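Sequence lines, in order, name chains A and B. In terms of our numbering, the first sequence is residues 302 to 591. In terms of our numbering, the second sequence is residues 302 to 591. Backbone N, C-alpha and C fix where the C-beta goes; we use that ideal spot for every residue, glycine too. Note that the coordinates shown come from a computational prediction; the quantities given were computed from them, not determined experimentally. Only one structure is covered here, and it is reproduced in the block below.
There are 2 protein chains.
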Amino acid sequence: MRGAMERTEKMTVLIVGVGLIGGSFAVALRDRALAGEILGVDASAEHGAEALARGLVDRMVALEEGIARADLVVLATPADTLPRLAVQVLDRATDRQVVMDMGSLKAELCAAVAGHVRRSRFVAVHPMWGTEHSGPAAAEHGAFAGRIAVVCERGRSAPDAVRLVERIFAALGAPIVEMEPEAHDRHAAYVSHISHVTSFALALTVLEKEREERRIFDLAGGGFESTVRLAKSAASTWVPILLHNKTNLLDVLGEHIRQLERMRRMIECDDAEGLAEAMRRANEIRRILH
Amino acid sequence: MRGAMERTEKMTVLIVGVGLIGGSFAVALRDRALAGEILGVDASAEHGAEALARGLVDRMVALEEGIARADLVVLATPADTLPRLAVQVLDRATDRQVVMDMGSLKAELCAAVAGHVRRSRFVAVHPMWGTEHSGPAAAEHGAFAGRIAVVCERGRSAPDAVRLVERIFAALGAPIVEMEPEAHDRHAAYVSHISHVTSFALALTVLEKEREERRIFDLAGGGFESTVRLAKSAASTWVPILLHNKTNLLDVLGEHIRQLERMRRMIECDDAEGLAEAMRRANEIRRILH
Numbered sequence: 302m303r304g305a306m307e308r309t310e311k312m313t314v315l316i317v318g319v320g321l322i323g324g325s326f327a328v329a330l331r332d333r334a335l336a337g338e339i340l341g342v343d344a345s346a347e348h349g350a351e352a353l354a355r356g357l358v359d360r361m362v363a364l365e366e367g368i369a370r371a372d373l374v375v376l377a378t379p380a381d382t383l384p385r386l387a388v389q390v391l392d393r394a395t396d397r398q399v400v401m402d403m404g405s406l407k408a409e410l411c412a413a414v415a416g417h418v419r420r421s422r423f424v425a426v427h428p429m430w431g432t433e434h435s436g437p438a439a440a441e442h443g444a445f446a447g448r449i450a451v452v453c454e455r456g457r458s459a460p461d462a463v464r465l466v467e468r469i470f471a472a473l474g475a476p477i478v479e480m481e482p483e484a485h486d487r488h489a490a491y492v493s494h495i496s497h498v499t500s501f502a503l504a505l506t507v508l509e510k511e512r513e514e515r516r517i518f519d520l521a522g523g524g525f526e527s528t529v530r531l532a533k534s535a536a537s538t539w540v541p542i543l544l545h546n547k548t549n550l551l552d553v554l555g556e557h558i559r560q561l562e563r564m565r566r567m568i569e570c571d572d573a574e575g576l577a578e579a580m581r582r583a584n585e586i587r588r589i590l591h
Numbered sequence: 302m303r304g305a306m307e308r309t310e311k312m313t314v315l316i317v318g319v320g321l322i323g324g325s326f327a328v329a330l331r332d333r334a335l336a337g338e339i340l341g342v343d344a345s346a347e348h349g350a351e352a353l354a355r356g357l358v359d360r361m362v363a364l365e366e367g368i369a370r371a372d373l374v375v376l377a378t379p380a381d382t383l384p385r386l387a388v389q390v391l392d393r394a395t396d397r398q399v400v401m402d403m404g405s406l407k408a409e410l411c412a413a414v415a416g417h418v419r420r421s422r423f424v425a426v427h428p429m430w431g432t433e434h435s436g437p438a439a440a441e442h443g444a445f446a447g448r449i450a451v452v453c454e455r456g457r458s459a460p461d462a463v464r465l466v467e468r469i470f471a472a473l474g475a476p477i478v479e480m481e482p483e484a485h486d487r488h489a490a491y492v493s494h495i496s497h498v499t500s501f502a503l504a505l506t507v508l509e510k511e512r513e514e515r516r517i518f519d520l521a522g523g524g525f526e527s528t529v530r531l532a533k534s535a536a537s538t539w540v541p542i543l544l545h546n547k548t549n550l551l552d553v554l555g556e557h558i559r560q561l562e563r564m565r566r567m568i569e570c571d572d573a574e575g576l577a578e579a580m581r582r583a584n585e586i587r588r589i590l591h
């Protein structure tokens, strides 16, 4: 068996879900000459037409036709749809094709495909990139570069399938990190999902107050913008992620509320030394963010 | 009485506190040829030497000498030191000099100078700019441009003093907005101070978890970075701000914790519709952040 395409430039790629992530991946493949023809599938006819008009894909097709023609099938639909979609695509895939996803959650997905006869054709990938925008219009050049791409259960994917995925992300400048699905979902709750929850809550806090005070945003500067930016994110993306990562998220959210209440008590008691100590500990985040 | 310098280019400026804000203001004055000589005062000899070495100021002087020589005195020390310092400087100022501050809090400050015989020589200013860094090394070119500068109690400052401040900020590209001191402090709590509290708390949340799980930061991407960036900020700047804006801050912090708890309950109950509705409301922040 020859396995997946060794020369990517002639490869036909099917992108299922031509929104922010799928669209940006299509653009990246094109920019790096990593694909021949790029086909698209989308549940929204409007998004499909827009993806086509923007040149993200060469043709929009039906899922069945796309699977039949593609060397690589990329699943980039909302996180809660992926387990079922991955099974549905693997049902129709051959031993020459590779199927990968780009979703934010891995435990349910990997469990769903675990017993599939074509499990080895699937590679579970989460490139750590995104913006607060969504849809084909949000697709960007240069996405994924310099960001990590997590691969889960690498050992359960065929070597040629892993090689194809590795070659693509190497070309995009995205280092690959291996991680177990459960560890991935727990870590993602801490470094991505909680940031969205706090941004949504902060936006609601200020918007609530704005009803009383019209001029409150005259002052909105850079700090506010950076902490609230994620609150522009789409509910259709984030509701499924939060609910399908519920246990991990409730764990981190509980800890976050405890930390906020600790700071509130220190402010109430004018505990300058306690606050300074907490801030100096928080400053250690410099170790991680450069 | 001729009043404050009408031709700024020959003006001698004293910057009290040559850190991030005072240092960046010195740089901006220099870049726009708005000052002749720039003098500096700093409680830290080390910071003074660094400001001098970086060319932020022409000379470091004692406060008394600086006041005696300056046409414009700029107060850029931590927020809690400003009420006393402003009185101390006004005690020595003449009717030809202008004193302005750049602090994040205005109610206490304006109350402290309210009855001063030289009140009209003082202009209370808060340029809505800052970064998470501090000290003379953090001073930046191009600071303040495109950001609002709030002026409080404009009517209590002499017209020539206001004109000088307006001319400077117009040259820096910073539009001036008038606001009462109490309104300023309330609004600042909503659009600046709370963002810092949530960032500090979020950093503590993740750092707490990191003790158990070493690899948690492998995944840290753009969203995390933007919500946690402010947690690098200096305790020496932020403890005084939080404690001296306690009432407003506890109000907004209480509302923020309520919003987080509301989202936590919706996640616990798998309330997808409630979460989607909350996120769509939060999306309205787009009206404010473009």
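Q: Give a yes or no on contact between the segment 445-454 of chain B and the segment 472-479 of chain B, applying the rule of three or more CB pairs nearer than 8 Å.
A: A contact exists between the segment 445-454 of chain B and the segment 472-479 of chain B.
Q.
I need the DSSP call for Leu376 (chain B), collapsed to helix, strand or coil.
A. Taking the first residue of the second sequence as position 1, residue 376 (chain B) is located at position 75. Residue state for Leu376 (chain B) is assigned as strand, using DSSP reduced to three classes.
Q) Are the segment 545-552 of chain B and the segment 321-331 of chain B in contact at 8 Å, needing three or more beta carbon pairs? A) Contact between the segment 545-552 of chain B and the segment 321-331 of chain B is absent, because fewer than three Cβ pairs lie under 8 Å.
Q: Please list, in chain order, all residues of the same chain as Leu406 (chain B) whose beta carbon is under 6 Å from its beta carbon, the five residues on each side excluded.
A: The residue labelled residue 406 (chain B) in the question sits at position 105 within the second sequence. If we look at Leu406 (chain B) and ignore the five residues flanking it on each side, its Cβ neighbours are Ala380, Asp486, His545, Asn546.
**Q.** Helix, strand or coil at Arg360 (chain A) according to DSSP, with G and I counted as helix
**A.** Position 59 of the first sequence, counted from the start, is the residue given in the question as residue 360 (chain A). Correct three-state label for Arg360 (chain A): strand.
Q) Between Asp571 (chain B) and Val540 (chain A), what straight-line distance do the alpha-carbon atoms span, to the nearest angstrom? A) Numbered from 1 along the second sequence, position 270 holds the residue referred to as residue 571 (chain B). Numbered from 1 along the first sequence, position 239 holds the residue referred to as residue 540 (chain A). When rounded, the distance between both Cα atoms is 9 Å.
Q. If you measure beta-carbon to beta-carbon, which residues of the segment 550-574 of chain A are closer than 7 Å to chain B?
A. Listed in sequence order: Leu550, Leu551, Val553, Leu554, Glu556, His557, Ile558, Gln560, Leu561, Glu562, Met564, Arg565, Ile568, Glu569, Asp571, Ala573.
Q) Does the Cβ of Arg422 (chain B) have 16 or more other Cβ atoms within 10 Å, making it buried, or fewer, making it exposed? A) In the second sequence, residue 422 (chain B) corresponds to position 121, counting from 1. Counting every other CB atom within 10 Å of its CB across the protein chains shown gives Arg422 (chain B) a total of 16 or more, marking it as buried.
Q: State the beta-bridge partners of Ala532 (chain A) as determined by DSSP.
A: On the first sequence, residue 532 (chain A) is found 231 positions in, with the first residue counted as 1. The partner list for Ala532 (chain A) (beta bridge, DSSP) is empty, contrary to what the question assumes.
Q) For the segment 428-477 of chain B, which segments carrying the beta strand (DSSP E) assignment without a break, of at least 3 residues, lie completely within its bounds, in sequence order? A) Counting whole runs of 3 or more residues, the segment 428-477 of chain B contains the beta strand (DSSP E) stretches 450-453.
Q) Just reading off the alpha helix (DSSP H) that Leu383 (chain B) is part of, what are its end residues? A) One-based indexing of the second sequence puts residue 383 (chain B) at position 82. Its alpha helix (DSSP H) spans residues 383-393.
Q.
Tell me which residue opens and which closes the alpha helix (DSSP H) that Asp332 (chain A) is part of.
A. The count along the first sequence starts at 1 and reaches residue 332 (chain A) at position 31. Element bounds for Asp332 (chain A): 321-332.
Q) Between the segment 366-380 of chain B and chain A, which residues of the former have CB atoms less than 8 Å from a CB of the latter, in chain order? A) If the cut-off is 8 Å between Cβ atoms, the segment 366-380 of chain B has nothing near chain A.
Q. Taking the continuous alpha helix (DSSP H) assigned at Leu315 (chain B), which residues delimit it?
A. Here residue 315 (chain B) corresponds to residue number 14 of the second sequence, with the count starting at 1. Looking at the DSSP string, Leu315 (chain B) is not in any alpha helix (DSSP H); the run it does join, the beta strand (DSSP E), is 314-317.
Q | Residue-level contact to chain B via CB, Ser421 (chain A), 8 Å cutoff | A | By 1-based counting over the first sequence, the position of residue 421 (chain A) is 120. No, Ser421 (chain A) lies away from the interface with chain B (no Cβ there is under 8 Å from its Cβ).
Q) Between Ile589 (chain A) and chain B, is there a C-beta pair that is closer than 8 Å? A) If you number the first sequence from 1, residue 589 (chain A) lands on position 288. For Ile589 (chain A), a Cβ of chain B is located within less than 8 Å of the residue's own Cβ.
Q: Kindly confirm or deny that the segment 498-506 of chain B and the segment 492-504 of chain A touch, where touching means at least three C-beta pairs closer than 8 Å.
A: Yes: at least three Cβ pairs fall under 8 Å.
**Q.** Candidates B:Asp332, B:Ala577, B:Asp461, B:Ala573, of which the one nearest Ala532 (chain A) by Cα
**A.** As a first step, residue 532 (chain A) is located in the first sequence; it is residue number 231 there, counting from the start. Comparing Cα-Cα distances from Ala532 (chain A) to each of B:Asp332, B:Ala577, B:Asp461, B:Ala573, the minimum goes to B:Ala577.
Q) Does the count of Cβ pairs from the segment 447-457 of chain B and the segment 365-379 of chain B closer than 8 Å reach three? A) Output reads no: the segment 365-379 of chain B does not touch the segment 447-457 of chain B.
Q: Could you name each continuous beta strand (DSSP E) segment of 3 residues or more that falls completely within the segment 475-499 of chain B, going from the start of the chain to the end?
A: Considered as a whole, the segment 475-499 of chain B harbours 477-480 as its complete beta strand (DSSP E) runs of no fewer than 3 residues, in chain order.
(Q) According to DSSP, Ala425 (chain B) sits in a beta bridge with which residue or residues? (A) On the second sequence, position 124 is the one that residue 425 (chain B) refers to. The beta-bridge partner set that DSSP reports for Ala425 (chain B) consists of B:Asp402, B:Cys453.
Q: Return the first residue and the last residue of the alpha helix (DSSP H) that Leu410 (chain B) is part of.
A: On the second sequence, position 109 is the one that residue 410 (chain B) refers to. Following the DSSP letters along the chain, one finds Leu410 (chain B) inside the alpha helix (DSSP H) bounded by residues 408-414.
Q | Residues bridged to His339 (chain A) [DSSP beta-bridge criterion] | A | Here residue 339 (chain A) corresponds to residue number 38 of the first sequence, with the count starting at 1. Reading off the sequence shown, one finds Ile at residue 339 (chain A), where the question assumed His. As a beta-bridge residue in DSSP terms, Ile339 (chain A) pairs with A:Val314.
(Q) Quick check on Val451 (chain B) - is its C-beta less than 8 Å from some C-beta in chain A? (A) Counting from 1 along the second sequence, the entry for residue 451 (chain B) is found at position 150. A Cβ of chain A is located within less than 8 Å of the beta carbon of Val451 (chain B).
Q: With distances taken Cα to Cα, identify the nearest neighbour of Leu543 (chain A) among B:Met564, B:His557, B:Leu335.
A: Working through the first sequence from its first residue, we reach residue 543 (chain A) at position 242. Selected option, being the one with the closest Cα: B:Met564.
Q.
Can you tell me whether His545 (chain B) is helix, strand or coil according to DSSP?
A. As a first step, residue 545 (chain B) is located in the second sequence; it is residue number 244 there, counting from the start. In the structure shown, His545 (chain B) adopts helical secondary structure according to DSSP, grouped into three states.
(Q) I want to see whether chain B comes within less than 8 Å of Ala521 (chain A), judged by CB atoms only; does it? (A) Counted from its first residue, the first sequence places residue 521 (chain A) at position 220. So, interface residue.
(Q) Taking only three categories from DSSP, how would you classify Arg587 (chain A)? (A) As a first step, residue 587 (chain A) is located in the first sequence; it is residue number 286 there, counting from the start. Looking at Arg587 (chain A) - three-state DSSP - the assignment turns out to be helix.
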